[in-house]
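Structure first, then comments.
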Amino acid sequence: MTAGNEPLIFWIGFLSFIVLLLVLDLLVFHRKPHEVGAGEAFKWVCFWVGLAVAFNIFIYFEFGSKRALEFTTGYLVEEALSIDNVFVFLILFQYFKVPKQYQHRVLFFGILGAIILRGIFILSGAAILNKFHWVIYIFGAFLVYTGIKIIAQKEVEVHPERNPILKLLRKIMPMTDNYVEAKFFVRNAGKLMATPLLAVLAVVEGTDVVFAVDSIPAIFGVTRDPFIVYTSNIFAILGLRALFMLISGIMDKFRFLKYGLGLVLAFIGVKMLISGWFEVPIGISLGAVVALLGGSVILSFIFPAPPEKS
Numbered sequence: 300m301t302a303g304n305e306p307l308i309f310w311i312g313f314l315s316f317i318v319l320l321l322v323l324d325l326l327v328f329h330r331k332p333h334e335v336g337a338g339e340a341f342k343w344v345c346f347w348v349g350l351a352v353a354f355n356i357f358i359y360f361e362f363g364s365k366r367a368l369e370f371t372t373g374y375l376v377e378e379a380l381s382i383d384n385v386f387v388f389l390i391l392f393q394y395f396k397v398p399k400q401y402q403h404r405v406l407f408f409g410i411l412g413a414i415i416l417r418g419i420f421i422l423s424g425a426a427i428l429n430k431f432h433w434v435i436y437i438f439g440a441f442l443v444y445t446g447i448k449i450i451a452q453k454e455v456e457v458h459p460e461r462n463p464i465l466k467l468l469r470k471i472m473p474m475t476d477n478y479v480e481a482k483f484f485v486r487n488a489g490k491l492m493a494t495p496l497l498a499v500l501a502v503v504e505g506t507d508v509v510f511a512v513d514s515i516p517a518i519f520g521v522t523r524d525p526f527i528v529y530t531s532n533i534f535a536i537l538g539l540r541a542l543f544m545l546i547s548g549i550m551d552k553f554r555f556l557k558y559g560l561g562l563v564l565a566f567i568g569v570k571m572l573i574s575g576w577f578e579v580p581i582g583i584s585l586g587a588v589v590a591l592l593g594g595s596v597i598l599s600f601i602f603p604a605p606p607e608k609s
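Per our numbering, the sequence shown starts with residue 300, numbered consecutively.
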């Protein structure tokens with residue numbers, strides 16, 4: 300079976316499975332808002348990673364080892380790029396002073412929006428690449444540029460108050476001053492009002508769109524199969540909430556991770572730029588991604604950042 304020719308039933312089955320998981324997550328496992336501790340977060344990380352591994356086994360037996368390696372590589376790339384999302388989410392939650400028991404709810408609906416938006420982006424990107432092959436060189440050059448920019452930048456600055464989505468929301472809809480449980484909307488004297496939680500969700504969605512500009516071209520540099528691109532992408536972001544709860548307190552320890560991410564993006568960019576003359580084997584791509592990301596994490600723990608002077 301050639302790339303991109305998966306039967307429609309596979310798409311329907313996958314999306315139905317994801318919807319079922321999200322319904323269970325919202326209505327059963329997290330029906331009551333509560334603070335997710337490190338122990339619970341670790342269990343959920345294991346659950347989502349385990350699901351991705353199980354799905355990859357299905358890919359292996361259904362499509363072969365090459366597609367399975369592409370899924371693994373795409374999943375690792377997206378999961379690694381999600382670390383940046385975690386950093387930004389941490390800043391957003393601190394800026395908006397979101398109570399910890401409501402953070403999971405925001406991330407749940409943020410990921411629900413991401414599943415829809417990324418599906419649109421991926422299918423559009425696949426259609427463009429199939430019709431205009433030369434676009435892959437633009438993607439490649441963009442990823443090389445982004446990789447170099449990540450390596451060169453000293454510190455990521457996030458200014459939630461400047462977000463255009465937040466400014467627009469505040470103009471078109473009245474907003475309460477305080478959070479009202481885990482609600483996004485409330486009625487006050489018969490008037491519908493947004494709560495600050497909706498503002499946080501809007502900024503999270505807008506932030507994910509920005510990150511998708513990097514991550515989706517990166518996965519297209521791994522495989523051109525929309526089904527593999529989409530499923531690896533979705534499995535990675537499904538575990539993003541648990542990953543955030545687990546590592547948000549130790550983000551500062553990964554001091555060299557940005558260099559690993561930058562080099563991964565640059566590597567995939569170069570891979571796309573030379574694709575017209577030489578195809579890098581997927582095994583080499585996977586090895587490079589693992590080596591660069593794993594090496595940056597190991598170096599971060601071997602050479603920790605010096606303690607800040609008080």
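Don't be surprised by glycine CBs; every beta carbon is placed ideally from N, CA and C. All values reported here derive from a predicted model rather than from experimental measurement.
Going by C-alpha to C-alpha distance, which of Ile-317, Ser-514, Ser-364 sits closest to Gly-446? Ser-514
Report the three-state DSSP secondary structure of Ser-609 (helix, strand or coil). The pLDDT assigned to Ser-609 is 46, lower than 50, so where the model puts this residue is not dependable; a value taken from the coordinates is nonetheless given after this. Here Ser-609 sits in coil by DSSP.
Take the Cβ of Asp-524 as the centre, count every other Cβ of all protein chains shown within 10 Å, and call the residue buried at 16 or more, exposed below. buried
For Val-322, is the classification buried or exposed, using 16 other Cβ atoms within 10 angstroms of its Cβ as the cut-off for buried? exposed
With DSSP as the reference, please indicate the residues paired to Met-492 in a beta bridge. Val-485
Quick check: Met-571 and Phe-431, are their CB atoms within less than 7 Å of each other? no
Chain C within 7 Å of Leu-368, Cβ atoms only: Of the protein chains in this structure there is only one, and it is not chain C.
Using 8 Å as the threshold, is the region 465 to 472 in touch with the region 495 to 503, meaning 3 or more CB pairs across them? yes
Tell me which residues share the same chain as Ser-381 and place their Cβ nearer than 7 Å to its Cβ, disregarding the 5 neighbours each side in the sequence. Ala-535, Ile-536, Leu-539, Leu-542
Going by beta carbon distance, what residues of the same chain come within less than 8 Å of Leu-585, once the five residues before and after it are set aside? Leu-368, Thr-371, Thr-372, Leu-375
I'd like the list of long-range same chain contacts for Phe-408, defined as Cβ closer than 7 Å, with 5 residues on each side in sequence excluded. Leu-500
Evaluate contact between the region 559 to 575 and the region 336 to 351, counting only Cβ atoms and requiring at least three cross-stretch pairs below 8 Å. no
Looking only at C-alpha atoms, which of Thr-522, Phe-388, Thr-506 sits nearest to Glu-578? Thr-522
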